[in-house]
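Participant: The structure's right below; bear with me while I get my questions together.
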Amino acid sequence: MPSFSHFFNILTETKGVFLKAMLLTLELTAVSIILGIVIGLIFALLKNSKIKVLELISDAYVYLVRGTPLIVQIFILYFGISGIFLLPDFWAASIALALHNGAYISEILRGAIQAVDKGQLEAGRSLGMTKALTLRRIILPQAFRRALPPLGNQFIISLKDSSLAAFISMNELFNVATTLGSNNFDEMTYLLIVAVYYLLLVALLTFIVNRIELKLAVSDR
Amino acid sequence: MDKKEMIRINHLNKSFGDLHVLKNIDLTVYESDVVCLIGSSGSGKSTLLRCLNFLEKKDNGNIIIEGIEVNPRTDNLNKIREKVGMVFQNFNLFPHKTVLENIIEAPMMVKGVDKEKAIFKAKQLLQKVDLEDKADVYPSKLSGGQKQRVAIARALAMEPDIMLFDEPTSALDPELVGEVLTTMKDLAEEGMTMVVVTHEMGFAKEVADRIAYMHDGKIIEHATSEQFFNHPKEERTREFLKATMLK
């Protein structure tokens, strides 16, 4: 095990490199969360559409994504798709992560939408609101609030999953840590350092999700 | 009668699977009339009410709202629902919106009323249901009776010609029933056309112009309130009245 002073020395020395890597990790995570929510919402709505074909499409998507490892999906996008047309590494990784995230998010949102009382839809419709308007103004805000705790969980997972982009040579946190570690024959120190960065990021993400939860909980007070 | 026909139902039928819940219903509601639908649970009265704003789809028969026969397949039901307000047993207020936001939502989003006007109107309505001090409160802070009065104000904000009430006091604590019935009575006195599914015999007797007694998917007796309570024609009606109130 490395000594504390050694650990802190390296931590300070490598600050610049790691901060740059952290930025990339954040970018990958942000894109995969935002795109993932869009994809997840689309497939959750397809699943709830009561139109058989659309439900099947949604089922198939969730099954394919959940049924294969994320690293396989990343490699398929990286090697497979970029063989057909040129996909920058960043987008190969982001899109793979987003597609992966989207499947899980769609399951979270589907459940949350179904859990909103049926009376809410009826109330909206009885006031002359269209189905789409009721969905947007009445159902989804309530569903999103209910979905926030499991969504927060999923966001943390996607932050950590972004480390798999290391395998298509994205210089994000994990890749930088293992590269520097093996170059300096000091893997353990660098792994501990990268763990600290991940812990910080997860703390930040948790803080943000909690703030949103508090803000949305105002109607309970 | 010279009064305008607000609702006319001809030979309405409705089944849920094998269960035939509405059997050949005929009913006409005139302008400013208060019609109470009474009967035991499962008699079809709530289903009939829900057919009137197309939350339930009829199997066959005609529903004519303000002289226009409604075809749920081709007509814009949203336009019709704007004219037909509904108050639910479980209030169905929007929990993520304040009382005021609940009321201005549909006028703004559906009718395109501008915000200031919608708020002005909402405050008038809140005054009317005696809740002007609750405008910025969320529904979770209201009692059942207050929730139901907000729900009434919300429906009125669309300026409907007809108001439907689906057991509006059934989910309330007994001591809160009165305030909701008073609000409804005021509305009736202003000349609102109302169809009310209720178990409140006192309200029916006092406020309703006409009573339709339903049993097993059929309207057994349809009469003026006076006639219905004092001189019921049908044996079954007499039994029902004896069981519910006149012990």
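Chains as they are written, first to last, in this note's numbering: chain S, 915 to 1135; chain Y, 687 to 933. Here a beta-carbon is modelled for each residue, glycine too, at the ideal position from N, C-alpha and C. Computed from a predicted model, the values in this text were never measured in an experiment.
(1) Which class does residue 1041 of chain S belong to by DSSP, given the choice of helix, strand or coil?
(2) Measure the C-alpha to C-alpha separation of residue 1084 of chain S and residue 985 of chain S and round it to an integer number of angstroms.
(3) What alpha helix (DSSP H) runs, 4 residues minimum, are completely inside the segment 828-870 of chain Y?
(4) Please state whether the Cβ-Cβ distance between residue 767 of chain Y and residue 1060 of chain S is less than 8 Å.
(5) According to DSSP, is residue 896 of chain Y part of a helix, a strand, or is it coil?
(6) I'd like the span of the alpha helix (DSSP H) that includes residue 933 of chain S, first residue to last.
(7) Would you list the one or two residues that DSSP bridges to residue 759 of chain Y?
(8) Rounded to whole angstroms, what is the Cα-Cα separation between residue 743 of chain Y and residue 749 of chain Y?
(9) What is the DSSP secondary structure of residue 919 of chain S, reduced to helix, strand or coil?
(10) Please say whether residue 1042 of chain S and residue 796 of chain Y have beta carbons closer to each other than 8 Å?
(11) Enumerate, from N- to C-terminal direction, the unbroken beta strand (DSSP E) stretches of 3 or more residues contained entirely within the segment 977-1037 of chain S.
(12) Is there at least one Cβ from chain S nearer than 8 Å to residue 936 of chain Y's Cβ?
(13) Check this for me: beta carbons of residue 853 of chain Y and residue 884 of chain Y, under 8 Å apart or not?
(14) Could you work out which residue in S:1114, S:917, S:1082 is closest to residue 1003 of chain S when comparing CA atoms only?
(15) Buried or exposed: where does residue 1132 of chain S fall if 16 or more other Cβ atoms within 10 Å of its Cβ makes it buried?
(16) I need the DSSP call for residue 965 of chain S, collapsed to helix, strand or coil.
(17) What does residue 1036 of chain S touch in chain Y if you count any residue whose Cβ is under 9 Å from its own?
(18) Please return the same chain residues whose Cβ sits closer than 6 Å to the Cβ of residue 689 of chain Y, not counting the five positions on each side in sequence.
(19) Tell me whether residue 932 of chain S is buried or exposed, calling it buried when 16 or more other Cβ atoms sit within 10 Å of its Cβ.
(20) If contact is defined by three or more beta carbon pairs under 8 Å, each pair taking one atom from either stretch, is the segment 870-877 of chain Y in contact with the segment 837-853 of chain Y?
(21) Can you name the start and end residues of the alpha helix (DSSP H) that residue 915 of chain Y belongs to?
(22) Among residues of its own chain, excluding the 5 on either side of residue 692 of chain Y, which ones have a beta-carbon nearer than 7 Å to its beta-carbon?
(23) Quick check on the DSSP output: the alpha helix (DSSP H) that includes residue 700 of chain Y runs from which residue to which?
(24) I need the boundaries of the beta strand (DSSP E) containing residue 880 of chain Y, first residue and last residue.
(25) Can you tell which of S:1119, S:1102, S:1118, S:1036 has its C-alpha closest to the C-alpha of residue 736 of chain Y?
(26) Give a yes or no on whether 8 Å exceeds the smallest Cβ distance from residue 757 of chain Y to chain S.
(27) Please state whether the Cβ-Cβ distance between residue 811 of chain Y and residue 831 of chain Y is less than 8 Å.
(28) Consult DSSP for residue 794 of chain Y and reduce its assignment to one of helix, strand or coil.
(29) Which residue marks the beginning of the alpha helix (DSSP H) containing residue 1102 of chain S, and which one marks its end?
(30) Against chain S, does residue 824 of chain Y count as a neighbour if the rule is that its beta carbon must be under 8 Å from one of theirs?
(31) Between residue 1044 of chain S and chain Y, is any beta-carbon pair separated by less than 8 Å?
(32) Identify the continuous beta strand (DSSP E) that holds residue 711 of chain Y and give its terminal residues.
Facilitator: Inspection of the coordinates gives the following:
(1) coil
(2) 13 Å
(3) 830-842
(4) no
(5) strand
(6) 929-961
(7) DSSP, once it has assigned bridges, lists no residue as partnering residue 759 of chain Y.
(8) 11 Å
(9) helix
(10) yes
(11) none
(12) Nothing about residue 936 of chain Y can be reported from this structure: the residues present for chain Y run from 687 to 933 only.
(13) yes
(14) S:1082
(15) exposed
(16) coil
(17) 736, 741, 772, 774, 778
(18) 716, 717
(19) buried
(20) yes
(21) 911-916
(22) 715, 716, 717, 752, 847, 848, 879
(23) Where residue 700 of chain Y is concerned, there is no enclosing alpha helix (DSSP H), although the beta strand (DSSP E) it sits in stretches over 691-702.
(24) 879-883
(25) S:1036
(26) no
(27) no
(28) helix
(29) 1101-1130
(30) yes
(31) yes
(32) 705-716
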